[in-house]
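Residue numbers (the numbering used here), protein chains in the order written: chain A, 1 to 337; chain B, 338 to 674; chain C, 675 to 1011; chain D, 1012 to 1348.
Note that beta-carbon positions come from the ideal geometry of N, C-alpha and C, so glycine has one too.
To keep things clear, I will list the structure first and then write my remarks on it.
Now the structure itself:
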């Protein structure tokens, strides 16, 4: 409560708390009065109380997400992508590497990358068929044709496929071809899309928004979980800061922090996270050391001619090198890769 | 080019520039070599060149947006919202104030606010029928019923209506009831929605994303303009920073900066920009002094019982006070309100 | 407390609170237990409690500053700079404009600006004698000679002088020549300097650090106030964000927010705040509309040849224009200039 | 140059470039004209050119630092701290761990930590004698007595001592007792202090400012190097972002990025970088995997009763665990610890 609040104002706040089905607890200090809320404060919109006369501020004690929280689900969740022999368990001992081009450009390009990914030991194939691009004049992806090429690449290599879905109405089409649906950073709060993913039958790889807090990321996951889809993987991919030396600032402390707050597996995308090829492998190793359950790595057979994200794509040889080093660091932290 | 780049690498960059239909211009300095690109560099993806061997970095000279740029359209654009007598010209001399509740909650609530807005001198009515909410458990808006209430309020007051549209497929429904479509901050890079707005017959109020640069905001506007809808209004609504004393940091320098870069009108939302009722009026006045073409102000008959954004909503009396003071400041900078 | 905390842990926290001379108040909820602290929690280091077993987090109810707070000093403070006829009262009705070059370069330059400032109606003269520069190779200021030139300019124009002091040991020298001491943004948490300013006999203009919160700014002011110098003026000068279109993001909401939290006067520096000449006047007007008690404006007779900050300096004619427009906006908000 | 710039303006810019001892190179494009600067552009202040009529912006090709740059010093620098047998080479194969309390509180506390650090295998001892504190009411350190205790702890354990110096005039005192001088994040741009460190005979551990870019960090190092002290170690310690789940955002991509830009060794402080004990070890491992040459780790015998930074301090047992895991990860990336 504000300094000098009246008894009437305190009573008003207490009454509102009771009206919300919760229990108030008033503590009067020498300078200030504090009204506690006893019960499940997820039910109370903090804004509602802050708008009452005499209230100075409102602090949550419980996290506003429930299904995503470790409180409600103390053991770690393992999410399986794909079926049968090639199925990959994300969140288990092995660090799962998803490799592939930023955008699917052609069968020749995709096949080259898919075979290289398989040979290097990556367990999943990524590739964008629908591309969110800042400029309306930039290459927007091959669309449905890209999805078909991805499915064909899975057929040839056995690698399950992860690809981005940009709108709610595309969910059925994308889940028909892909083994997991990726929600991109710009869509992390596209609630319509999140709800559709909650109804999907495939796992969801949810990327943190460019300026999303960990709490907001977990609230976005809560939309999917509350919709009925329990198979959510969180992904740190760099946040926006003032620093210009890197495209984004890869927030690796998000990995152990998310694992404290939530039972969901956490992956890291060092390609978007740094925007620079020479930083991808060091940050991939750092992610594994920090406890990441998997990595998303962009690979292109000829980065200099890539239609998007060339500067941050590894070559197939670069991927072989990354995998060897990831295996060593994974072993050092008691995991495999 | 990187220090110590080879002649072959320089030639490779020059060749790629020519392949893109542009002209290279090589300058050799004592320590570094620079390759200029002559022509319309909007056609060249900076990333493409940065991925070439020997290249150290790539700097754009032209802005990547064209239709939104003042270069291509030196005179200021005026966007008209509504029709007939009540039509409002945004970007003309008068500062246009859009007032209304964060969310439409009921006819009683909306009618009270609409009448108060009209009486106070606001020229447009706002109100959310579809609400993007961080939590899946929060009030999500009345949906289509909210749109009908807004249309009814326009009928009673004559105020044209601005309301948010959250997905591409809702554009036809929303433009049937509303006079302008608002694209919210979280959807500023929902490219599917932007494309749909480009096909809409109503003006678009485009809010800056929480961590969008001015260039990205103008690129988002470019999507709408390139789609064929020339009626775009930009809106600053606060960006995300480390500061915790306000909900967001309202970046008022965006107003004169956008007006230098673009011909489009610029509005300001001091309610979301600050998140705190006591700061709304000072920042509204500041926005007008900085050159804003309009204001978006949240008003609620009973903020303490609002279903969303109560802490930042003005009361009807607060709106009367704001309008009087806005008129004085507008007059001081040679405008009306 | 953490979920599942033991009675022993709760008792341990209560005991520590008592050991700090405060009173604990335990509330047990269904899911969590909360321990309140009754008394002056400024005495308790939040970190101390957070480190105890079973504690999940610690939230302050009282602001950690006392002398700077409006709680302890509800009426507004007016700080007088200079003596006799030319004395300027900052925080009173009139908006005080401090004008001058970024750096004092020569007597000719300073005299030209000082006369222009006086003629335009500015009330105070600024100019840097000691310059903090990011590069060791950049012009570092004229030093003591610069101070003498400033004092001479005051003699000729009657304008009190404000200039930066960079180290504690320079305080006596600077206060000998100047009428107010400026603490620059990079030194906002140079605690040694703040303590020395607390012992100074001249007012202190304290600029907000590049990434300082309002609370940290007020804590820095608290150092000066606690040292015995009650004459502190706060100054917003732009914060660092991801936005690249401006040098900094001028956070004008800091003006009304600081005035709610503190009784100290608040000025704004639109020159550093934007870094761009064309944005200085719009943002100066916006600052006045938001309630600023004064402005710091950089002026140079020939900005194209300035030794520092040329791109953001107004010409003398630009200052005349700014002053005329500032007067109009000040009148519109019930003040003069 | 701006669109539509005149020939006279282009000639003016060219003339100014020549006046600076550099060579201009004019390229005329279809829409814009670009003037290149050939020569050592470190000599040219970008601001100077940006202030000229007709200029739209100015882009640096060379980094503004020279001595800190890898361009001028391609091989990696190793900085030795301490003398004789216990001397530690930072930047060599072994990852150097500096452990110790945030603040020296008493001989009993320091001795316990120093012995634990030695036993766990840390190679250097840290501890604050002079503490920069946000609040004037918080514990400010034991001062000179703290320095004496540190020297005594070195005598007992053989561990060289690193401690913070807060002002230029304290440099002689601190270097008398310590083996390396730490410049704290808040002082990264205290240029007076940097200059004094440039004259010091001991190595300097320079921490990145809370919102400093990598370029600014390297410019700060340049001050020390230009002063004549070649022994500078850079230290990433977390930057300020909007995220609230951690005290700061530890930017580990700074490690490989700084190693590309500079020849200086790079350390990481996961204690301040995260502010949370449970995140220290995962981020320490990540730092080593990313290529860090050393770690700064806060250790306290009884974190719950620490006078500062208790929540982020490891216990002695926690340090033993960290060291064992750091050794494993170091080995995995081809180093020791």
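As a beta-bridge residue in DSSP terms, residue 941 of chain C pairs with C:909 and C:968.
The beta carbon of residue 746 of chain C sits no closer than 8 angstroms to any beta carbon of chain D. For residue 216 of chain A, not one C-beta of chain C is nearer than 8 angstroms to its own C-beta.
In the DSSP assignment, residue 1193 of chain D forms a beta bridge with D:1175 and D:1216. For residue 461 of chain B, no alpha helix (DSSP H) encloses it; the enclosing beta strand (DSSP E) starts and ends at 461–463. Residue 879 of chain C has its alpha-carbon roughly 5 angstroms from the corresponding atom of residue 856 of chain C. By the neighbour-count criterion, in which 16 or more other beta carbons inside 10 Å mark a residue as buried, residue 612 of chain B falls on the buried side. Neighbourhood of residue 1321 of chain D in chain C, by CB distance below 8 angstroms: 721, 722, 724 and 725, in chain order. In the DSSP assignment, residue 304 of chain A is bridged to no other residue. The three-state reading of DSSP puts residue 1095 of chain D in helix, counting H, G and I together. For the pair residue 256 of chain A and residue 290 of chain A, the Cα-to-Cα distance works out to about 7 angstroms.
Judged by their CB atoms, residue 195 of chain A and residue 168 of chain A are nearer to each other than the 8 angstroms cut-off. Using a Cβ-Cβ cut-off of 7 angstroms, residue 362 of chain B is close to 1038 of chain D, given in chain order. The beta-carbon of residue 622 of chain B is placed less than 8 angstroms from the nearest beta-carbon of chain C. A distance below 8 angstroms between beta-carbons, with the five flanking residues on each side excluded, links residue 934 of chain C to the following residues of its chain, in chain order: 744. Non-local beta-carbon contacts of residue 237 of chain A in its own chain, meaning distances under 8 angstroms to residues more than five positions away in sequence, involve 185, 207, 208, 248, 250, 268, 269, 272, 273 and 296 in chain order. Along the segment 617–641 of chain B, the positions whose C-beta sits under 8 angstroms from a C-beta of chain C are 619, 620, 622, 623, 624, 625, 626, 627 and 628, read in chain order. At a cut-off of 8 angstroms between C-beta atoms, residue 560 of chain B does not count as an interface residue with respect to chain C. Straight-line spacing of the CA atoms in residue 741 of chain C and residue 1149 of chain D works out to 15 angstroms.
Using a 10 angstroms sphere on the CB of residue 614 of chain B, the tally of other CB atoms reaches 16 or more, which defines it as buried. Residue-level contact by beta carbon holds for residue 1253 of chain D and chain A, with a gap shorter than 8 angstroms.
With respect to chain C, the C-beta atom of residue 497 of chain B has no partner C-beta closer than 8 angstroms. Look at residue 709 of chain C here: in three-state DSSP terms it is strand. Among the bridge pairs identified by DSSP, residue 752 of chain C is matched with none. Look at the beta carbons and you see the segment 361–372 of chain B not touching the segment 278–286 of chain A: under three pairs across the two are nearer than 8 angstroms. Close to residue 1325 of chain D, with beta-carbon spacing below 9 angstroms, lies no residue of chain A; the smallest spacing is near 14 angstroms. Among the CB atoms of chain C, none fall inside 8 angstroms of the CB of residue 186 of chain A. Cβ neighbours of residue 1142 of chain D within its own chain (closer than 6 angstroms, five residues either side excluded): 1114, 1151 and 1152. DSSP, read as helix, strand or coil, puts residue 55 of chain A in coil.
Cβ neighbours of residue 413 of chain B within its own chain (closer than 7 angstroms, five residues either side excluded): 428 and 600. Straight-line measurement puts the Cα of residue 651 of chain B at about 21 angstroms from the Cα of residue 1006 of chain C. Residue 461 of chain B is positioned such that its CB atom lies closer than 8 angstroms to that of residue 497 of chain B. In the assembly as shown, residue 1348 of chain D is a buried residue. Its beta-carbon has 16 or more other beta-carbons within 10 Å. Within the same chain, Cβ atoms closer than 8 angstroms to the Cβ of residue 107 of chain A are found at 149 and 152, the five residues on either side in sequence being excluded.
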